[in-house]
Structure formats: structure tokens, C-alpha cells
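Engineer: Before we start, here is the structure in question, set down as C-alpha cells.
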Amino acid sequence: MEQTTLFHKSSTKTRFYGGREMIKRCSFCTLWLPTVVISIFTVVSFLVIFILLNHSLDEMIQAHKHSNSLTKKIEKMVSSTLNATFLGNEERFLEVALISNEIHDAIASIEQSNTYNTASLLESYRQLYKNLISAVSYSKENRLEDAQKALEEVKAYTLTLEEQMNKLDAHFLQNEKEHEKTLFLVMFVSGTLLLFTALFNGFYLIPQRVIRPLEESSQKLQRSEEKYRIVANWTHDWEYWVGKGKEIIFMTPSVQRITGYTSGEFAKNPSLLTSIIHPDDKALWEQHVQEAHLPNRPEEDAQGVEFRVIAKDGRIVNIDHICRPVYSTNKEFLGVRVANRDITLKTGILNELKEKNTLLDTLATTDALSGLYNRRYFNEAFEREIAHAKRMRTTLSIIMCDIDYFKRYNDTYGHQMGDSVIQKVSNVLKTTFGRGVDVVARYGGEEFVVLAPSTPPEEITKLTEKTREGIMALNIEHANSQTAPFVTMSFGVANCTPDVALTADKLLKAADDALYESKERGRNCITFVVC
Numbered sequence: 008m009e010q011t012t013l014f015h016k017s018s019t020k021t022r023f024y025g026g027r028e029m030i031k032r033c034s035f036c037t038l039w040l041p042t043v044v045i046s047i048f049t050v051v052s053f054l055v056i057f058i059l060l061n062h063s064l065d066e067m068i069q070a071h072k073h074s075n076s077l078t079k080k081i082e083k084m085v086s087s088t089l090n091a092t093f094l095g096n097e098e099r100f101l102e103v104a105l106i107s108n109e110i111h112d113a114i115a116s117i118e119q120s121n122t123y124n125t126a127s128l129l130e131s132y133r134q135l136y137k138n139l140i141s142a143v144s145y146s147k148e149n150r151l152e153d154a155q156k157a158l159e160e161v162k163a164y165t166l167t168l169e170e171q172m173n174k175l176d177a178h179f180l181q182n183e184k185e186h187e188k189t190l191f192l193v194m195f196v197s198g199t200l201l202l203f204t205a206l207f208n209g210f211y212l213i214p215q216r217v218i219r220p221l222e223e224s225s226q227k228l229q230r231s232e233e234k235y236r237i238v239a240n241w242t243h244d245w246e247y248w249v250g251k252g253k254e255i256i257f258m259t260p261s262v263q264r265i266t267g268y269t270s271g272e273f274a275k276n277p278s279l280l281t282s283i284i285h286p287d288d289k290a291l292w293e294q295h296v297q298e299a300h301l302p303n304r305p306e307e308d309a310q311g312v313e314f315r316v317i318a319k320d321g322r323i324v325n326i327d328h329i330c331r332p333v334y335s336t337n338k339e340f341l342g343v344r345v346a347n348r349d350i351t352l353k354t355g356i357l358n359e360l361k362e363k364n365t366l367l368d369t370l371a372t373t374d375a376l377s378g379l380y381n382r383r384y385f386n387e388a389f390e391r392e393i394a395h396a397k398r399m400r401t402t403l404s405i406i407m408c409d410i411d412y413f414k415r416y417n418d419t420y421g422h423q424m425g426d427s428v429i430q431k432v433s434n435v436l437k438t439t440f441g442r443g444v445d446v447v448a449r450y451g452g453e454e455f456v457v458l459a460p461s462t463p464p465e466e467i468t469k470l471t472e473k474t475r476e477g478i479m480a481l482n483i484e485h486a487n488s489q490t491a492p493f494v495t496m497s498f499g500v501a502n503c504t505p506d507v508a509l510t511a512d513k514l515l516k517a518a519d520d521a522l523y524e525s526k527e528r529g530r531n532c533i534t535f536v537v538c
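In the numbering used here, the protein residues as written are 8 to 538.
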């Protein structure tokens, strides 16, 4: 069996669009929003801490540079002071003053970094500078002993400054290591937090909030499509969906069983549907399409039509067609949904039943021997025509006729020959009164009756005379007839315009009385009466 095929996938996508939007919104709220917030918070925190640590580290590095140069400047100052004193070089004193200012500025810079208490360092430097100036003064005054003591003080304070400078270097190195550890810790915590966020997303949020809902939606969609495929593949009817552009969106495989063509052939050639319509039914089909395949019909408005198609193998297939419009949830017209049922077998059975019913009606209303209507049918038609004549105020004629001396004919020639005479006389009556409104019936035995509505008296007289002459023209031998040597017939005609008081029995009796009078007059004649 051919599998169900969707020629356009848009309808399925439309069905699950809302669910996918819901998944997107849920994913953003439960996955992407927390991830973005945590990531931004982590990065901003890292940047702020990094900037603060970097600024503090820069200040510490600058202070460290000042401390490194401070020892050299102190040594240079001491050397320049001694040279200026013993060599008498005035320019050296100016250089000592500049170096002293630089030393003071370097100590002030270290103090501004808030990383070390420079009070003892500054005090040692002041004592060094004081004793150095004292040594210079004592030397100029030739107070050598005092100068020697001052220089020893200078040496002691110099060692003290060196020791303090070593402590300062150790302090700076320790702070740099602590800053590096802090920066590494911040980077480690930030990286760990980001890694945790990534792992949390990868192993929990994404599987729980994205992958699992998508898998569930996919499974639901697969189950839905499986149900749809099973229903479509097993449906006995030929069903399809025509889009608003007249394209075939969907067609069930049962079309091949009914028409011999596959759904793929209809998809490739949408005009194939119209081309297989029976030529006699094309106008009916086109009218139905114009009336039913419209975008403004209510969705519950189902319209049907029966037509025939020519199958691929040439078979004529009767189709019971019903269709209704298809709309989306926002009332957009999407085309027409169609169900076609093969009613060929049903139509054949119905036609056969109609033929049998027609045959039964014929048998029930027709005399088997003469082929004329029987007395039962005549009585029904008589009542109907009298009512019509009363209502329309039109004339109604009834003719009673009887084969003359028919019993003697049967006794002489036999019943088979008598049946033949009845058949031949019936043909003459049927031929003469052949209008669609006339009713010719065998009333019983050799007696016949004719009902002729809306016929003037002169016309009914002519037709009756034509019938009498037609029977004589048959020239059927009748040796025991007292009227003629051949078969003849007597007639009684009653013509009237019925009123309320006139009944079928009265009119029939008038015609029968007229027939009796014809027999009294010698037979083979016509007696006409007006009621």
C-alpha cells in the first residue's frame, strides 16, 4: 500500500508553532537569562577587583621603585657631602641639596602609597642628614674629634637606613606576592564560577529545559503523525485537501484503489482530477467547484454532489463527493477538505432495484395479455383525472368498448385465437389513443376502457370512429358473428365537464349505458352521450 504523503509541510509546522514558542520562552527564562546574569556578574566583578588590585599593585610598584633608588641616593648624598667638604667644591654642596630633596620626595611617595609606615625611616634619614651636616661643620672648624663622632653617627644611621630599606624591600615583595595570590584567587573563583555555570547548563539546564522538552515534543509529534498516518492509510474513502491556490496538499493512498492513479501522480499534475471526470458530468463538476470551493463559506457548510470518473483501466466509477472549507485558528482560509466515496456497487444495486421496482410497477398496473393498463391502474387514474377536471374546469371523456360476440369466437376458434384477437385489438386502441394523457386499459375479458382528458366532443368522436374502422380493417374472420363476417367492436362514449356532484361511478355508468345502447342498435357502432 502506498504510504501517506504530505506534499506541503506548512500545516504541520503551523500546528506546533505555539509549542515551540513556549519552549523558546521557557528556555530564555530558565536557561539563558540566569546564564547571562551570572556571566555578566562574574565578568563585572572580576574586572572591578582586577582594576582595584592592579591600581594598588601599580602604587606598590612605584613605591618599590622609589625605595630601590632611595638607598643609592642616600649613598650618593653622603659621598657628595664628604667630597664637597674635603675638596672644597661648592658645586657639590648644590648637588647634595638636590639629592636631599629627592630623598625627601621618595620617602613622601612611599608614605602616600599607604603600604608602609615611613616615620622611622624618615627619622633615621633626618638624623643621618643632621649628623652629616654636623660632621661637615666640625670639619670646617677643625674640630676633628667632633667630626669623627659625627661621621660615626652618620655611619650608624646609614646602616640603620640600609636595614630599614631591606625591610621595606621585603615588605614590598611580600605585598606583591599577596597581590598575585589575590589576583590568582579572583581569577580562579571567576573561572570556577563560569565553569560551574557551563557545567550546570550542560548537564542540567540544557537537558532539562531544552533537550527534554524538545524530545517530548518530538515524541508527541511522532505519535501524532503515526496516528495520522495509520488513519490516513487505512481509510477506505478517497480523501484529499485542496489548498487555496488549487494545489493538492494531501491525498490518501486509497485513491489508487478507486481510480488506479497514485497520490503522487495527482501531486505532480493537479489538473488530473478534472481530466478523469466523465465527460457527461464535467459541467456538473465545474458548477459544484464554482459554488463549493469558495473562501467565504462557513466551516460547517458541507456540500455534496455525485458524479462519475474514468479510472486508469477505463472503468466507470461512481463517486459520492462531499467537501467543506478549512480555516486556521485565526480564520484564514486554507482550502477545501474533500471526501470521495466509491458508490459504484451501491449505484448498480440501486439501479437494479429501480429496474425491478419499475418491473413490479408495470406488472402491478399492466394487463399481461394485452399490454394495456389493468383495471386497478385505470380506477386510480380515473379518480385523479376527475379531480383535475373539476379543479381546472376541463372536459373529460370516457369510452367503454366491447368486442362483438367474443364468446362465440372463443367457442368457434379456441381461446388461443381469442387471446390473439385481444392483443390485436389492444394494439389498435393503443395506437389511436397514443397521447401521453390518454389511458387505455383492459377492463375485463373482451371489454376495454379509454380515458381521454381535455378532448372536445368532435375530436373524441373522430378518434373513436378511427378505432372502430381500424378494428374492421384487421379483417379477422368471425363466422358466428351476427354483425359481420369479421371481428367488430361496439363503443359507448360519455363526454362531460365534471361538476362537484359528478362522481367516477356516474360517469362510468353513463359510458356503460351508451355501450349497452350500441349493442341494442345492432353492434359495431358508436353511441355518444354528453353528461
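From the three backbone atoms N, C-alpha and C, an ideal C-beta is built for every residue, glycine too.
1. Report all residues from its chain with a CB closer than 8 angstroms to the CB of residue 435; omit the five preceding and five following residues, and keep chain order.
2. Drop a sphere of 10 angstroms on the beta-carbon of residue 530, count the other beta-carbons inside from all chains shown, and report buried for 16 or more, exposed for fewer.
3. Return the first residue and the last residue of the alpha helix (DSSP H) that residue 360 is part of.
4. Pick out whichever of 378, 359, 251, 265 has its Cα sitting closest to the Cα of residue 303.
5. By DSSP, does residue 328 sit in helix, in strand, or in coil?
6. Give the secondary structure of residue 489 by DSSP, where H, G and I count as helix, E and B as strand, and everything else as coil.
7. Assign residue 449 to buried or exposed, taking buried as 16 or more other Cβ atoms, counted over all protein chains shown, within 10 Å of its Cβ.
8. Go through its chain and collect everything with a Cβ distance to residue 283's Cβ below 6 angstroms, but skip five positions before and after it.
9. Sorted by chain position, which residues of the same chain lie with C-beta nearer than 8 angstroms to residue 400's C-beta, five sequence neighbours on each side aside?
10. So what does DSSP say about residue 283, is it helix, strand or coil?
11. Give me whichever residues DSSP pairs with residue 347 in a beta bridge.
12. Do residue 410 and residue 456 have their C-beta atoms closer together than 8 angstroms?
13. Since I believe residue 255 is in contact with residue 277 (beta carbons under 8 angstroms), could you give me their beta-carbon distance rounded to a whole number of angstroms?
14. From this set, 150, 374, 506, 472, which residue's C-alpha is nearest residue 447's C-alpha?
15. Let me know the secondary structure DSSP gives residue 411 once reduced to three states.
16. Give me the Cα-Cα distance between residue 494 and residue 408, rounded to the nearest whole angstrom.
17. Take residue 393 and list the residues in its own chain whose beta-carbon comes closer than 8 angstroms to its own, dropping the five residues that flank it on each side.
18. Output the boundary residues of the alpha helix (DSSP H) element that contains residue 518.
19. By alpha-carbon positions, which one of 286, 293, 308, 343 ends up nearest to residue 323?
20. How would you write the range of the beta strand (DSSP E) that residue 379 sits in, first residue to last?
21. Can you check DSSP and say which residues form a bridge with residue 503?
22. Just to confirm the assignment, what range does the alpha helix (DSSP H) spanning residue 463 have?
23. Specify the secondary structure class of residue 476 as computed by DSSP and reduced to three states.
24. If I measure Cβ to Cβ from residue 298 and keep anything under 8 angstroms in the same chain, skipping five residues before and after, which residues do I get?
25. Taking C-alpha atoms, which residue in 171, 461, 244, 258 lies nearest to residue 275?
26. Going by C-alpha distance, which of 520, 491, 486 is nearest residue 502?
27. If you follow the alpha helix (DSSP H) that residue 273 is part of, which residue opens it and which one closes it?
28. Mapping the DSSP letters down to three states, classify residue 534 as helix, strand or coil.
29. As a quick exercise: from 197, 538, 490, 516, pick the residue whose alpha carbon is nearest that of residue 527.
30. Please work out which residues of its chain come closer than 8 angstroms, Cβ to Cβ, to residue 439, disregarding the five sequence neighbours upstream and downstream, and give them in chain order.
31. Is the Cβ-Cβ distance between residue 326 and residue 349 less than 8 angstroms?
32. Say yes only if the C-beta of residue 336 is nearer than 7 angstroms to one or more non-hydrogen atoms of the ligand MN, and no if none qualify.
33. DSSP has residue 449 in a bridge; who is on the other side?
34. Using 8 angstroms as the threshold, is the C-beta distance between residue 242 and residue 261 below it?
35. Since residue 43 sits in a beta bridge, which residues does DSSP pair it with?
Structural biologist: If we stick to the structure as given:
1. Once the five neighbours on either side are set aside, the close Cβ partners of residue 435 are 474, 477, 478, 481.
2. So residue 530 ends up on the buried side.
3. Its alpha helix (DSSP H) spans residues 351 to 372.
4. It is 251 whose Cα lies nearest to the Cα of residue 303.
5. Reduced to three states, the DSSP call for residue 328 is strand.
6. Residue 489: coil per DSSP, three-state reduction.
7. Classification for residue 449: buried.
8. In its chain, beyond the 5 residues on either side, 316, 317 have a beta carbon closer than 6 angstroms to the beta carbon of residue 283.
9. Contacts found: 504.
10. Looking at residue 283 - three-state DSSP - the assignment turns out to be coil, as it is neither helix nor strand.
11. Partner(s): 245, 328.
12. No; because the gap between Cβ atoms is not below 8 angstroms, this pair is not in contact.
13. Beta-carbon to beta-carbon, residue 277 and residue 255 are separated by about 5 angstroms, close enough to satisfy the 8 angstroms threshold.
14. Nearest C-alpha to residue 447: 374.
15. Coil, per DSSP.
16. The alpha-carbon atoms of residue 494 and residue 408 are separated by roughly 13 angstroms.
17. Beyond the five residues adjoining it in sequence on each side, residue 393 comes within less than 8 angstroms, by CB distance, of 403, 505, 509, 510, 511, 514 in the same chain, given in chain order.
18. That run of the alpha helix (DSSP H) goes 511 to 527.
19. If we check each option's Cα against that of residue 323, 286 comes out closest.
20. It is not in any beta strand (DSSP E) - residue 379 carries neither H nor E in the DSSP assignment.
21. Residue 503 is bridged by DSSP to 403.
22. Careful: residue 463 lies outside any alpha helix (DSSP H) and carries neither H nor E.
23. It is helical.
24. The residues are 310.
25. The shortest C-alpha separation from residue 275 is found at 258.
26. Nearest C-alpha to residue 502: 520.
27. If you look at residue 273, you'll find it in the alpha helix (DSSP H) that goes 270 to 275.
28. Here DSSP, grouped into helix, strand and coil, assigns residue 534 to strand.
29. Out of 197, 538, 490, 516, 490 has the C-alpha closest to the C-alpha of residue 527.
30. Excluding sequence neighbours, residue 439 sits near 470, 473, 474, 477.
31. It is a contact, given that the beta carbons lie within the stated cut-off.
32. With respect to the ligand MN, the structure shown offers nothing to examine, as it has no ligands at all.
33. Its beta-bridge partners are 455.
34. Their beta carbons are under 8 angstroms apart, which means residue 242 touches residue 261 by this criterion.
35. DSSP lists no partner for residue 43.
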